[in-house]
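Those letters in the sequence shown? Residues 92 to 292, by the numbering used here.
We put the beta carbon where it would ideally sit given N, CA and C, even for glycine.
One structure is given below, encoded as structure tokens.
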Amino acid sequence: MNRRTVAVLAALATVLAVAGAASPVTAAAQSVPRAVALLDEDRATDAGGNGPVACNGGAQEQSFTVSDNAPLTLAETGMMFQPLPGAAITVTTPAADNDQLLVLFTAEGRVQGQPVTYAAPLDFLQIQILIDGVPVGANDLTFTSGAGESGATQACKRVAAPVFAPAPHVVEVQWRLVDQAGASMLTGILDDWTLSVQVSA
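Rendered as structure tokens:
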């Protein structure tokens, strides 16, 4: 073994020794990001998605719309969804039939009382559409925040009725204010809203 080979092997041994000594520190450091991630949790994006949803209907059979231009003042409710007063429509499906419901909700929304830093995570107003008490469409929709708003959301679902009786199906809208850090006294406003349901074959 010549002197050059000995020198190379010695250098390699030194590198491996340093890496081995550093590995416990690296392992300890890897246990920290999970705790840090919890502090940076964003409820606007961290909820699991529903995946793609497709609705294919036929000829339109009925159309229902309800709206209100009176501003509604909102307040924090401990992360519990609350019904939007008046935002409910009942659709009756004939016996032994099925219908596709296409639901559209639009509104002017505002969130107040939050520190507007334009840095995620942002506090926000969340909207959800329910059909027969079950949420449909986006399950973590940021309807309005201090950085911007969507102004609208929609959902679709096919519903049915038993053979011997018609079946009523209730479409409704709920809201909640999401205080990301639990450190603000959020309020909000929903105004000029419209709930529309199109019924097709």
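Within the continuous beta strand (DSSP E) that includes residue i, where are the two ends?
| i | result |
| --- | --- |
| residue 189 | 189 to 203 |
| residue 267 | 258 to 269 |
| residue 234 | 233 to 236 |
| residue 166 | 163 to 166 |
| residue 227 | 225 to 227 |
| residue 221 | 215 to 222 |
Assign residue i to one of three DSSP states: helix, strand, or coil.
| i | result |
| --- | --- |
| residue 244 | strand |
| residue 275 | coil |
| residue 134 | coil |
| residue 178 | strand |
| residue 183 | strand |
| residue 116 | Below a pLDDT of 50, predicted positions are generally treated as unreliable, and residue 116, at 39, falls in that range; the measurement from the model is reported next regardless. Correct three-state label for residue 116: helix. |
| residue 208 | coil |
| residue 155 | strand |
| residue 254 | coil |
| residue 239 | strand |
| residue 291 | strand |
| residue 121 | Residue confidence for residue 121 is low, a pLDDT of 41 falling below 50, so the modelled location carries little weight and cannot support an answer. |
Rounded C-beta distance between residue i and residue j? I'm assuming under 8 Å.
| i | j | result |
| --- | --- | --- |
| residue 202 | residue 235 | 6 Å |
| residue 193 | residue 247 | 5 Å |
| residue 270 | residue 167 | 6 Å |
| residue 261 | residue 223 | 6 Å |
| residue 187 | residue 252 | 7 Å |
| residue 264 | residue 155 | In fact, because the Cβ distance is near 13 Å, the residues do not count as touching under 8 Å. |
| residue 152 | residue 288 | Their Cβ separation, rounded to whole angstroms, is 11 Å, which puts residue 152 and residue 288 out of contact at 8 Å. |
| residue 237 | residue 205 | 5 Å |
| residue 259 | residue 185 | Not a contact, Cβ separation roughly 11 Å. |
| residue 278 | residue 164 | 7 Å |
> For the stretch 232 to 242 against the stretch 213 to 222, are there 3 or more C-beta pairs whose distance is under 8 Å?
Replying inline: yes
> Quick one: any contact between the stretch 174 to 188 and the stretch 151 to 159, if contact means 3 or more CB pairs under 8 Å?
Replying inline: yes
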